[in-house]
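I have placed the structure first, in the form of C-alpha cells, so that the comments after it can refer back to it.
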Amino acid sequence: MSDSVTDISHDQHAVRRQKLADMRAAGFDPFRANVATTHFSADAKALYVDGQDEVVPVSVAGRLITFRVQGGSSFVKIQDQQGPMQLYFRRDVLGVERYDGVFKKSLDLGDIIGVTGKLFKTKTGEITVRVEAFTLVSKALRPLPEKWHGLSDAEQVYRQRYLDLIVNGESRHRLMTRARIVSAVRRFLEDKQFLEVETPVLQAVAGGAAARPFQTHHNALNTDFVLRISLELYLKRMLVAGYDRVFEIGRNFRNEGVSRRHNPEFTMLEVYQAYSDFRGMMTLVQDLMRHLVRDVVKPTETEGEGETAVTRPTMRIKHAQSGEFIDFGAEWREVKYKDLIIEKTGDAEWFARSKDEKVAGVQKLGLYADPKWEEFELTNEIFGKLIEPTLIQPTFVTHLPKELCPLAKITQGDESTIDVFELIIGGMEIAPAYSEQNDPDVQRAMFEAQAG
Numbered sequence: 000m001s002d003s004v005t006d007i008s009h010d011q012h013a014v015r016r017q018k019l020a021d022m023r024a025a026g027f028d029p030f031r032a033n034v035a036t037t038h039f040s041a042d043a044k045a046l047y048v049d050g051q052d053e054v055v056p057v058s059v060a061g062r063l064i065t066f067r068v069q070g071g072s073s074f075v076k077i078q079d080q081q082g083p084m085q086l087y088f089r090r091d092v093l094g095v096e097r098y099d100g101v102f103k104k105s106l107d108l109g110d111i112i113g114v115t116g117k118l119f120k121t122k123t124g125e126i127t128v129r130v131e132a133f134t135l136v137s138k139a140l141r142p143l144p145e146k147w148h149g150l151s152d153a154e155q156v157y158r159q160r161y162l163d164l165i166v167n168g169e170s171r172h173r174l175m176t177r178a179r180i181v182s183a184v185r186r187f188l189e190d191k192q193f194l195e196v197e198t199p200v201l202q203a204v205a206g207g208a209a210a211r212p213f214q215t216h217h218n219a220l221n222t223d224f225v226l227r228i229s230l231e232l233y234l235k236r237m238l239v240a241g242y243d244r245v246f247e248i249g250r251n252f253r254n255e256g257v258s259r260r261h262n263p264e265f266t267m268l269e270v271y272q273a274y275s276d277f278r279g280m281m282t283l284v285q286d287l288m289r290h291l292v293r294d295v296v297k298p299t300e301t302e303g304e305g306e307t308a309v310t311r312p313t314m315r316i317k318h319a320q321s322g323e324f325i326d327f328g329a330e331w332r333e334v335k336y337k338d339l340i341i342e343k344t345g346d347a348e349w350f351a352r353s354k355d356e357k358v359a360g361v362q363k364l365g366l367y368a369d370p371k372w373e374e375f376e377l378t379n380e381i382f383g384k385l386i387e388p389t390l391i392q393p394t395f396v397t398h399l400p401k402e403l404c405p406l407a408k409i410t411q412g413d414e415s416t417i418d419v420f421e422l423i424i425g426g427m428e429i430a431p432a433y434s435e436q437n438d439p440d441v442q443r444a445m446f447e448a449q450a451g
C-alpha cells in the first residue's frame, strides 16, 4: 500500500473518530445492541407488487455500500446477507434535524443502519424503500477498500476474508451457494434414509488416508493425539454397529502443502452404504450431483437477444479454466483406468512392460520419472499429469490399480485392479468410491503388502 493511500485512510479514520465523538457528546449511542427488522433485502423486494407503490411496509438493516448525498433527497444502498437494497431518503419526510444533522453529517460508507419505510419502484425499475425512519446501528471507524472496487491484493483477500465478502459480490454468492449445497446434500441423503453422525476429531491414530496429521497433546490424559485426516474408520464402525446407511460432513486436517486444490483444513463428505457396491455408489453420486446442479445451483441459458430473448433452465455449467460447458444432464462417461493409460501412451502392452521400460515411457511423455518409484506410481504419474486434467465432462474412471487402495475389493477376472471409481469433473477428482474389502484376511494381507 502506498504512503498516499495510507495517509488517506488515516485521514478518514480521524474524521470518523470525530463524528463518533460528536455523537457521543450529543448523547447518541452509535453502537446499538439491537434493531427491529422484518425482512432481508431479497425477501423484502419479493413483497413488491407492480403498481402498488408505498403500500408494503418493511424494516431492513445492512451496511452502507453506496452513499451519495444530494441536497434534500438522496439514494443510497445497503447490503445484507441476501444482497443490496436501495433506500430513498428525503428531508421533508425525515425532518431537517434527522436528515441534515444525522443522515448527512454523521453517516459514512461502511456504517450499518436500520430503516423503516414502504416499497416503491423507481423510474429505472429498481425496487426501493422510501425511508420514514432510520437508526445508526454501528459506526464504521475504518473505510472500506478504496472506491468500492474490491480487493486487488490476493494475500489481503485470503487474510481478511471478511473484507472480500463485503466488497466482492462473486465471493458472497459463492459462500451462499456453498451453504445451500451443504444443506441440500443433507436433505438428499436423509431422504434416502441415511443417518448423519458425528465422529471424533481427536484420534489416537491417524487412519483412513495416507497423509501427515497435525499432532496435539491432551493435558488431562497426558496423551498425544492427532487431528483426524479422514472420517472413514469411525463411520465403518457405525456399519459394524448395525447402522446400514451413514454419512458425515466434517472437517479433516492434513499437515501438508497448500494449493488451489489442497488446504490443510477442509470439509469432506463421506457416505457408507451396506449391501451395495461401487456401482450402487456410482448411481448415488450421479443422482446427488445432478440434484445439486438442478435444484441448488440452478444454471440458466439465454437464447436470442432483446425482447425475443428466452431464458431457460439448463444442466450445463461453464468451466472457468477451459471455457467448456460441463453438461451434467448428458450421459456420464465410464472408462477403465487401463484403457485411458493405453490410449495416452499408445502402447497396448504398457501394463506388461518392465519397470525400466515404464520409466523410459514416462520420460518420453515429457514427465519426470524417479527410478525408485513403484510401477503403479509411474503409471499414475501419467494419469495425474496428462489424463485427469483433460477430463472436463463428468467421467467415472474405474478399476484402478490395487496398490492405490488396499481397502477395496479385487476385481473378479483381473487381480491387478480393484472395484473402484474416481469421478472426474472439470479436470479434478470430485469423488472416489469403491466396493469395500470385507474379507479380513485379504485386507490384512493388503495392508502388510502396503507397509512393506
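Residue numbers (numbering that gives the first Met the number 0): 0 to 451.
All C-beta atoms in this analysis are idealised placements derived from N, C-alpha and C, irrespective of residue type, glycine included.
Values in this document were obtained by computation on a predicted structure and should not be read as measured data.
Alpha-carbon spacing of residue i relative to residue j, whole angstroms
i      : j      : result
Arg153 : Ser258 : At residue 153 the sequence reads Ala, which differs from the Arg that was named. Near 14 Å, if we compare the C-alpha coordinates of Ser258 and Ala153.
Val225 : Asp21  : 53 Å
Glu264 : Val239 : 28 Å
Arg193 : Val245 : Looking at the sequence provided, one finds Phe at residue 193 rather than Arg. Taking the straight line from one Cα to the other gives about 5 Å.
Ala219 : Leu106 : 52 Å
Tyr157 : Leu143 : 16 Å
Arg23  : Phe30  : 10 Å
Arg211 : Glu428 : 20 Å
Phe324 : Arg332 : 15 Å
Ala25  : Glu96  : 13 Å
Lys453 : Ile64  : The structure shown has nothing for residue 453, since the chain only spans 0 to 451.
Ala273 : Leu399 : 22 Å
Gln214 : Thr123 : 59 Å
Ser72  : Gln78  : 20 Å
Lys76  : Val181 : 30 Å
Ala444 : Thr410 : 16 Å
Segment limits, alpha helix (DSSP H) that includes residue i
i      : result
Phe446 : 439-450
Glu380 : 374-381
Ser40  : 40-45
Phe277 : 277-291
Ile340 : 336-344
Under the three-state DSSP convention, the category residue i falls into
i      : result
Gly116 : strand
Ser170 : helix
Ile423 : strand
Glu330 : coil
Leu238 : helix
His318 : coil
Lys76  : strand
Lys408 : coil
Arg352 : coil
Val156 : helix
Ser58  : strand
Ala432 : strand
Pro400 : strand
Ala308 : coil
Val128 : strand
Close beta carbons around residue i, own chain, < 6 Å, minus the five adjacent residues each side
i      : result
Ala132 : Thr115
Ala35  : Ser58
Tyr98  : Arg90
Gly328 : Met314
Arg171 : Leu164
Tyr271 : Leu234, Leu238, Val245
Distance CB(residue i)-CB(residue j) smaller than 8 Å
i      : j      : result
Leu86  : Val136 : no
Ile165 : Arg15  : no
Glu247 : Glu197 : yes
Pro388 : Gly426 : yes
Glu376 : Lys354 : no
Tyr336 : Val396 : yes
Gly113 : Ala139 : no
Glu231 : Gly207 : yes
Lys117 : Val54  : yes
Gln449 : Pro405 : yes
Ile111 : Tyr47  : no
Phe88  : Phe102 : yes
Lys408 : Glu435 : yes
Ile340 : Ala347 : no
Phe277 : Asp418 : yes
Ala430 : Val284 : yes
Thr299 : Arg311 : yes
Beta carbon proximity, residue i to chain B, threshold 8 Å
i      : result
Met445 : Protein chain content of the structure displayed is limited to a single chain, and chain B is not contained in it.
Cβ shell of residue i (< 8 Å), same chain only, five flanking positions each side left out
i      : result
Asp42  : Gln81
Val184 : Ile248, Leu268, Leu287, Leu291
Leu19  : Pro29, Lys138, Leu140
Ser415 : Phe350, Pro400, Lys401
Unbroken beta strand (DSSP E) run spanning residue i, endpoints
i      : result
Tyr87  : 82-89
Thr121 : Premise fails: Thr121 is in no beta strand (DSSP E) and is neither H nor E.
Tyr271 : 264-272
Leu226 : 222-226
Cβ shell of residue i (< 7 Å), same chain only, five flanking positions each side left out
i      : result
Asp223 : Gln214, His216
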